[in-house]
Every structure is written in C-alpha cells, then in structure tokens.
C-alpha cells in the first residue's frame with residue numbers, strides 16, 4: 001500500500017509564495033525543437049560567446065503625496081526611485097566581473113492632468129548629493145497608480161538595457177545569421193515588446209505548471225546541467241508567445257520537493273511559428289553549463305540555487321545606489337516643509 005510523502009519547499013516561509021505554487025496553465029504548448037520529450041545534456045560554452053550580462057531592476061516608493069497644482073486641480077502621487085543595472089561576466093572565467101550602469105533614477109508620479117514641476121531636493125551637505133524627481137503622469141487615480149507607474153518605468157529601462165547589450169536574434173529564415181557573441185540574462189519573466197536581442201528570462205519560482213502531467217515528470221528526473229526540449233508557449237487568449245525550456249541547476253535534497261533546483265528559461269518567440277532561431281537553440285544548449293556555475297549556495301542565499309550569484313551582487317549595488325530610505329524620507333519632509341510650509345514664499 002502506497003504511503004503519503006511530504007517534502008519541503010526549499011525557500012524560507014517569509015518569502016511570499018515560496019518557490020513552488022503550481023497554478024494551472026490555460027494556454028497552449030507546442031513542440032518546436034523536437035517531438036521527443038527527453039532530457040538534453042549540457043553542452044560546452046562556445047568560444048565565440050565573449051560577454052554575458054546579468055540585468056536586473058529594483059524600485060522603491062519613498063513617500064505618498066497629495067498634490068495641488070497652480071490651477072486648483074488636485075490628486076494623489078508619490079516620490080519614488082528605481083535603478084536598473086548589469087553585471088558583465090566573462091563566460092570563460094578569464095576576467096573579473098564588472099558592474100555597469102547602476103544609477104538610481106527618481107520620479108514624481110502624479111495624477112493625470114495636473115501641472116507638476118520637477119522636484120529638486122538640495123543636500124544639507126556635499127556628501128548626500130542632490131535628489132531630482134522628474135514628473136511622471138500616472139494612469140488613473142488608483143491608490144497603487146504611483147507604484148505601478150514606477151514599476152513600468154523600471155521595466156522599460158530594464159528591457160532597453162537588456163536588448164542593447166545582447167546580440168541580435170534573426171526574426172525568420174531570411175535574416176542574416178548572427179553568431180551569439182553577447183547574451184543577456186534577465187532576472188524574472190520577459191515583459192514588454194520584443195526588441196530582437198538575445199535576452200533570456202530566468203524565472204526562479206514555479207507559480208504556474210505549464211507542462212501537462214505526462215511531461216511534468218521529466219523535471220524531477222533532470223540531472224544538473226540537463227534541460228528539457230524547447231517549447232513554444234502561448235498564453236491564454238494569444239496575448240504573449242514565448243520559447244521556453246527548463247534546466248536543473250542542482251540536485252534536490254532528499255527532503256525537498258523533486259523540482260527543487262529547476263529553473264524555467266524563456267526567450268521571445270518569432271511570429272513564424274515553425275521557425276526556431278538558431279541563437280535560441282545555442283542559448284538553450286549552453287544554459288545548463290552556464291547557470292550551474294552561476295547558481296547560489298543554500299548556506300549563503302535562502303533562494304539558492306535559482307537566485308544567481310551575479311543577481312545577488314547586483315541587488316546589493318542597486319540598494320546602495322538608491323541610498324538610505326530613512327534619510328531620503330527625511331529629506332523629502334524637509335523639502336516640503338521648506339518649500340510649501342507655513343511662511344514659505346509661494
């Protein structure tokens with residue numbers, strides 16, 4: 001008689017949702033690489049791949065505000081900051097990693113149709129720097145509209161940076177074939193419009209089980225570095241189409257669920273449903289070797305191995321770039337008191 005088995009989600013309970021959720025998927029999956037559903041071994045990283053960039057973004061709401069413009073109109077808004085940056089890596093380990101473009105941007109999100117000027121917060125001493133908030137109109141008057149505006153600006157900047165750094169991906173068989181010389185690894189699922197860069201999204205969690213039951217078992221059987229075949233995934237309603245595959249970064253401990261250590265990767269899909277860009281296959285083939293090297297370790301990172309080592313380093317640099325949240329909040333209050341407080345000159 002079979003007995004019940006219980007195994008653990010490897011991520012700490014204070015991380016919302018954990019690593020495993022497994023919601024049902026309502027879209028469609030199609031074989032695009034091979035109809036044979038079996039593990040594909042890791043391949044060596046080709047010499048022609050010279051640069052790997054890990055790109056991520058971070059945003060922070062700093063104060064919610066109420067705005068009255070010179071024409072008597074009023075509405076909600078917020079001061080916020082975001083930063084997008086990259087770590088440049090040598091995939092062959094011949095040079096040190098380097099941080100790129102890690103610089104905070106600040107927004108003064110505001111309700112639509114308000115006349116809003118940029119806000120410049122002058123420092124009290126030369127060490128704290130001037131904070132400049134550029135006006136950014138929100139969509140609607142929802143209490144979360146300021147946060148959503150900040151999020152959209154961050155994602156757009158993240159996408160531009162990711163694609164600017166990467167090799168070009170041919171759109172169809174008539175395109176000139178470009179070798180994969182620069183690859184961008186983006187933390188999280190791909191968003192927005194395809195800008196034709198060799199950008200792969202690394203999704204750490206399994207919120208949705210995209211594979212049907214007769215194929216999901218392969219995820220548990222993968223060995224470190226192995227991957228599944230590439231599939232063409234179309235979301236319900238046909239809104240988004242991606243090329244996806246799964247790769248195992250590390251073995252699951254005996255007490256963890258069998259898909260622990262597995263990550264979903266995705267790239268933008270061309271309009272031609274029968275065309276698999278050669279660069280996508282190249283990325284899939286090297287992904288196992290590359291990501292097993294970059295995976296974090298459980299004694300150093302609670303989201304190991306999916307939270308890649310360069311991503312963790314980039315997160316620290318982005319936090320430093322935005323500065324202390326407490327100090328920034330105090331400066332916002334001091335600015336409002338000095339500019340709009342009792343006795344201030346209009």
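Numbering (the UniProt record's numbering), first residue to last: 1 to 346.
Positions of the beta carbon are idealized from the N, C-alpha and C atoms, including for glycine.
For residue i, which residues from the same chain have a beta carbon less than 8 Å from its beta carbon, with the 5 sequence-adjacent residues on both sides left out?
{"i": "residue 67", "result": "74, 75, 76, 77, 110, 111, 114 and 116"}
{"i": "residue 5", "result": "none"}
{"i": "residue 339", "result": "none"}
{"i": "residue 209", "result": "22, 23, 24, 25 and 216"}
{"i": "residue 325", "result": "60 and 62"}
{"i": "residue 36", "result": "229"}
For residue i, collect the residues of the same chain with a Cβ closer than 7 Å to its Cβ; drop the 5 residues on either side in sequence, then sort them by chain order.
{"i": "residue 189", "result": "201, 203 and 266"}
{"i": "residue 236", "result": "26 and 27"}
{"i": "residue 154", "result": "57, 59, 82 and 84"}
{"i": "residue 175", "result": "none"}
Can you list, in chain order, the residues of its chain with a C-beta nearer than 6 Å to that of residue i? Leave out the 5 residues immediately preceding and following it.
{"i": "residue 192", "result": "159"}
{"i": "residue 262", "result": "219, 246 and 248"}
{"i": "residue 100", "result": "86 and 88"}
{"i": "residue 241", "result": "234 and 269"}
{"i": "residue 179", "result": "48"}
{"i": "residue 299", "result": "Reliability fails at residue 299, whose pLDDT of 49 lies under 50, so the model's placement of it is uncertain and no value is given."}
Just checking my contact of residue i with residue j at CB under 8 Å: how many whole Å lie between their CB atoms?
{"i": "residue 246", "j": "residue 232", "result": "That belief does not hold up - the Cβ atoms of residue 246 and residue 232 are roughly 14 Å apart, past 8 Å."}
{"i": "residue 55", "j": "residue 86", "result": "5 Å"}
{"i": "residue 227", "j": "residue 140", "result": "Contact doesn't hold; Cβ gap of about 42 Å is too wide."}
{"i": "residue 147", "j": "residue 61", "result": "5 Å"}
{"i": "residue 34", "j": "residue 277", "result": "That pair is no contact at about 16 Å."}
{"i": "residue 243", "j": "residue 43", "result": "In fact, because the Cβ distance is near 17 Å, the residues do not count as touching under 8 Å."}
{"i": "residue 279", "j": "residue 169", "result": "5 Å"}
{"i": "residue 108", "j": "residue 328", "result": "Incorrect: roughly 13 Å between the Cβ atoms, too far for contact."}
Can you give me the C-alpha to C-alpha distance between residue i and residue j, rounded to a whole angstrom?
{"i": "residue 173", "j": "residue 135", "result": "44 Å"}
{"i": "residue 331", "j": "residue 282", "result": "49 Å"}
{"i": "residue 10", "j": "residue 252", "result": "9 Å"}
{"i": "residue 313", "j": "residue 320", "result": "11 Å"}
{"i": "residue 195", "j": "residue 3", "result": "51 Å"}
{"i": "residue 166", "j": "residue 336", "result": "43 Å"}
{"i": "residue 308", "j": "residue 93", "result": "16 Å"}
{"i": "residue 143", "j": "residue 186", "result": "29 Å"}
{"i": "residue 129", "j": "residue 294", "result": "35 Å"}
{"i": "residue 318", "j": "residue 104", "result": "8 Å"}
{"i": "residue 334", "j": "residue 341", "result": "9 Å"}
{"i": "residue 145", "j": "residue 38", "result": "45 Å"}
{"i": "residue 137", "j": "residue 64", "result": "14 Å"}
{"i": "residue 315", "j": "residue 271", "result": "34 Å"}
{"i": "residue 205", "j": "residue 72", "result": "47 Å"}
Find the nearest neighbour of residue i within the set the options, judged by alpha-carbon distance.
{"i": "residue 106", "options": "336, 322 and 229", "result": "322"}
{"i": "residue 53", "options": "130, 210 and 97", "result": "97"}
{"i": "residue 290", "options": "224, 34, 168 and 119", "result": "224"}
{"i": "residue 163", "options": "3, 183 and 175", "result": "183"}
{"i": "residue 151", "options": "208, 79, 50 and 212", "result": "79"}
{"i": "residue 102", "options": "311, 269 and 277", "result": "311"}
{"i": "residue 49", "options": "277, 244, 198 and 326", "result": "198"}
{"i": "residue 8", "options": "341, 65, 316 and 259", "result": "259"}
{"i": "residue 40", "options": "171, 137 and 222", "result": "222"}
{"i": "residue 413", "options": "328, 325, 212 and 324", "result": "Examination of residue 413 is not possible in this model, given that the chain is present from 1 through 346 alone."}
{"i": "residue 69", "options": "95, 118 and 29", "result": "118"}
{"i": "residue 90", "options": "71, 72 and 51", "result": "51"}
{"i": "residue 292", "options": "206, 250 and 156", "result": "250"}
{"i": "residue 275", "options": "239, 171, 181 and 214", "result": "171"}
Can residue i be considered in contact with the ligand ZN, in the sense that its beta carbon sits closer than 7 Å to one or more heavy atoms?
{"i": "residue 99", "result": "In the structure on display, the ligand ZN does not appear, and there are no ligands present to speak of."}
key: Uninterrupted beta strand (DSSP E) stretches inside the region 199 to 276 (no shorter than 3 residues)   = 199 to 203, 206 to 209, 231 to 234, 241 to 248 and 262 to 268
task = Return the chain-ordered ranges of every beta strand (DSSP E) run that is complete within the region 1 to 73 and spans a minimum of 3 residues.
result = 20 to 24, 28 to 31 and 51 to 68
inquiry  = Going residue by residue through the region 87 to 143, where are the continuous beta strand (DSSP E) segments of at least 3 residues, counting only ones entirely within it?
reply    = 98 to 110, 119 to 121 and 131 to 137
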